[in-house]
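Just below is one structure, and these are the notes that go with it.
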């Protein structure tokens with residue numbers, strides 16, 4: 012089976028996004044996570060009691076790592092933590108896993124070095140191996156940036172990590188995994204349970220058919236500052252997502268630690284409710300969107316995403332695997348259907364039946380809306396070409412096909428120039444089948460050439476480049492189930508899995524590789540909190556939505572541009588009126604989030620609050636205190652609105668906005684700072700991002 016390099020189209024490992032103009036803010040793009048810039052290049056805060064890092068009591072000295080700062084001076088990097096809270100009725104088996112990297116950019120950034128520091132192994136950290144976390148229990152694992160095993164061997168805990176949350180321990184440990192002594196720099200504490208750690212090295216990650224939900228994280232970022240030639244570690248952010256783009260198995264809620272103004276991603280539904288929704292999606296009736304959608308060959312419901320239904324279709328498992336669907340002879344399939352799970356298949360179907368109506372409709376859609384030459388060989392996969400495609404959908408799908416034809420031609424050209432492992436392409440011809448894998452994965456043709464080769468961003472066809480075609484692919488195709496014509500004819504659904512993730516399961520998580528409806532998040536924080544089957548343990552128990560909150564942006568003074576190690580803001584906080592019985596009018600100076608002391612971050616996110624109005628306060632580097640009342644939530648703009656947001660003039664109470672200096676007196680430039688307050692909005696078809704923009708700090712105003 013020829014498949015594209017998995018996830019090649021998702022964000023490259025650790026990209027720093029700097030927003031030009033009045034704000035320069037840190038963003039972390041998570042390794043292997045899926046698509047567009049969900050974080051908008053902005054950060055919130057790490058803070059909490061205990062200062063930057065927000066862990067309260069000082070960690071053991073052995074957990075602190077010394078790195079080089081922007082000016083090559085020694086700087087201490089505090090550890091970060093991962094908490095797993097089990098709110099389900101059964102045991103949860105967590106495993107953390109690092110990634111392999113030919114070049115370890117996090118160590119390069121820490122040491123300000125160009126040495127590669129290759130990581131040749133996946134390191135797996137098992138929590139209470141074989142015993143797990145019981146219902147109601149939680150564990151907190153504190154992780155340094157790295158643990159040094161020998162002179163040239165490191166475990167980098169922060170760089171492209173995975174958190175595997177399983178409700179069965181089967182297949183979590185493989186024969187290729189080798190036991191190691193757990194580094195004493197990694198610490199675990201349990202509540203309602205013991206916490207012991209077991210460490211293994213491995214050449215591989217986990218198999219897809221584990222009884223688990225995959226989540227991904229990256230702590231900090233590694234950037235090359237402007238004008239520099241070596242990397243710099245930015246330790247402030249926590250980047251995270253729940254990888255529902257690959258599969259969906261269990262409800263996981265995920266949010267930052269010591270950042271209470273950011274709601275959770277994912278789901279806090281109960282296991283039973285969540286799995287009932289999966290069952291309804293798969294129901295054997297004509298109206299179920301997922302009737303005939305594949306399932307993994309397991310004794311519990313686990314569904315593949317839109318890419319994996321193609322890429323894993325011909326995959327097989329060892330005959331010794333304990334799976335419910337086994338043919339009499341040969342290897343059990345990776346993917347099967349509920350008919351076979353329920354023992355309703357013939358032996359031939361147990362071997363070869365990998366999908367049903369829902370997937371066949373997707374294949375027929377491409378056979379009806381797009382023309383295929385005989386050489387492109389669509390006939391084996393298309394059973395009905397009578398689907399009546401709306402003209403716009405037909406044109407959009409043709410553009411996507413032509414785009415990938417061009418990408419394949421670029422791939423062949425790379426081989427002819429000798430830029431790949433061999434002169435013979437692994438995918439010598441463009442055809443229907445390999446097109447389905449590449450299109451639904453949004454991955455380039457790069458088989459045999461490396462994960463970074465032939466990026467879609469470099470592909471161009473007549474009147475279309477990647478920057479134009481990807482939004483169309485996202486909004487007009489992947490989300491087309493929202494269109495009235497598609498509601499009238501379910502044969503037109505481009506990818507029913509997206510509807511399952513976003514509508515049926517009500518999750519703000521990736522439904523496909525470049526999904527932008529809140530998948531990847533990048534926030535300042537001292538760590539991450541994962542919950543299974545409920546919201547208990549999360550600092551903010553309201554689901555995150557860009558439309559609910561806003562970024563408060565301040566301008567970067569000209570004299571501070573390029574001085575990335577000089578902070579602009581010390582701390583901030585938000586008070587909701589009529590919520591705290593001891594402070595109904597928000598008169599107390601609530602600033603409970605401490606900003607980093609070694610990073611220049613020109614603003615923060617007020618991501619998720621219980622209600623409006625709210626009072627926002629922050630303190631700048633010169634100890635001036637800023638107070639702003641935000642009266643109401645930003646109203647979303649509609650096409651044709653002349654004022655955006657529609658309630659622009661009533662969002663900020665400028666009369667109560669004030670800046671007070673360190674002596675407690677109103678700053679003489681207070682009115683000059685408050686007056687230009689500018690609520691503004693960035694709107695996409697699936698996504699609304701709000702901004703509350705102010706001038707640069709008062710000390711720098713004319």
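Numbering (this note's numbering), first residue to last: 12 to 713. Ideal Cβ positions, reconstructed from N, Cα and C, are used throughout, including at glycine.
Over the uninterrupted beta strand (DSSP E) stretch that includes residue i, give me the two end residues.
i	result
residue 77	76–79
residue 96	91–97
residue 580	580–587
residue 299	Counting along the chain, residue 299 falls outside any beta strand (DSSP E), and DSSP gives it neither H nor E.
residue 319	No beta strand (DSSP E) holds residue 319; the alpha helix (DSSP H) holding it covers 319–322.
residue 325	Premise fails: residue 325 is in no beta strand (DSSP E) and is neither H nor E.
residue 690	689–694
residue 85	85–88
residue 197	From DSSP, residue 197 is part of no beta strand (DSSP E); its letter is neither H nor E.
residue 550	Residue 550 -> no beta strand (DSSP E), and no H or E assigned at all.
residue 533	532–535
residue 470	Counting along the chain, residue 470 falls outside any beta strand (DSSP E), and DSSP gives it neither H nor E.
residue 539	538–543
residue 438	Taken as a continuous stretch (DSSP letters only), residue 438 belongs to no beta strand (DSSP E), as it is neither H nor E.
What are the boundary residues of the alpha helix (DSSP H) that residue i is part of?
i	result
residue 662	659–662
residue 478	477–483
residue 448	443–452
residue 682	681–685
residue 289	282–292
Does DSSP put residue i in a helix, a strand or coil?
i	result
residue 503	helix
residue 111	coil
residue 313	coil
residue 52	Confidence at residue 52 is low in this model, with a pLDDT of 34, below 50, so the placement of that residue should be treated as unreliable; the coordinate-derived value is given next. Three-state result, residue 52: coil.
residue 420	helix
residue 574	coil
residue 36	Because residue 36 sits at a pLDDT of 31, beneath the cut-off of 50, its placement in the model cannot be relied upon, and the following sentence gives the value as read from the coordinates. Here residue 36 sits in coil by DSSP.
residue 710	helix
residue 68	Below a pLDDT of 50, predicted positions are generally treated as unreliable, and residue 68, at 44, falls in that range; no measurement from the model is reported.
residue 567	coil
residue 191	strand
residue 427	helix
residue 100	coil
residue 408	helix
residue 704	strand
residue 670	strand
residue 519	strand
residue 525	coil
State the CB to CB distance for the pair residue i and residue j, rounded to an integer number of angstroms; the pair is presumed to be in contact (CB under 8 Å).
i	j	result
residue 555	residue 274	3 Å
residue 452	residue 322	7 Å
residue 110	residue 133	7 Å
residue 267	residue 278	Actually they do not touch by this definition, with Cβ atoms about 17 Å apart.
residue 169	residue 230	4 Å
Which residues in the same chain as residue i place their Cβ atom closer than 6 Å to its Cβ, once the five residues preceding and following it in sequence are excluded?
i	result
residue 468	477
residue 553	274 and 619
residue 247	57, 535, 607 and 610
residue 625	585, 587 and 641
residue 239	none
residue 636	630 and 671
residue 447	321
Using C-beta distances below 7 Å, list every residue in its chain close to residue i, excluding the 5 sequence neighbours before and after it, in chain order.
i	result
residue 657	646 and 648
residue 394	371 and 375
residue 456	15, 418, 419, 422, 438, 449 and 465
residue 298	none
residue 617	272, 560, 561, 563, 585 and 627
Please work out which residues of its chain come closer than 8 Å, Cβ to Cβ, to residue i, disregarding the five sequence neighbours upstream and downstream, and give them in chain order.
i	result
residue 208	136, 137, 138, 152, 193, 197 and 199
residue 183	104, 106, 137, 175, 177, 217, 221 and 223
residue 336	308, 343, 344, 347, 351, 352, 356 and 361
Contained beta strand (DSSP E) runs [length at least 3] in the segment 328–405, N- to C-terminal order: Those beta strand (DSSP E) runs which fall completely within the segment 328–405 and span 3+ residues do not exist here.
In chain order, each alpha helix (DSSP H) run of at least 4 residues that lies wholly inside the segment 207–295: 282–292
Runs of alpha helix (DSSP H) lying entirely within the segment 106–177, each at least 4 residues, in chain order: Those alpha helix (DSSP H) runs which fall completely within the segment 106–177 and span 4+ residues are 116–122.
Whole runs of the beta strand (DSSP E) within the segment 592–658, excluding any shorter than 3 residues: 614–617, 625–631 and 636–641
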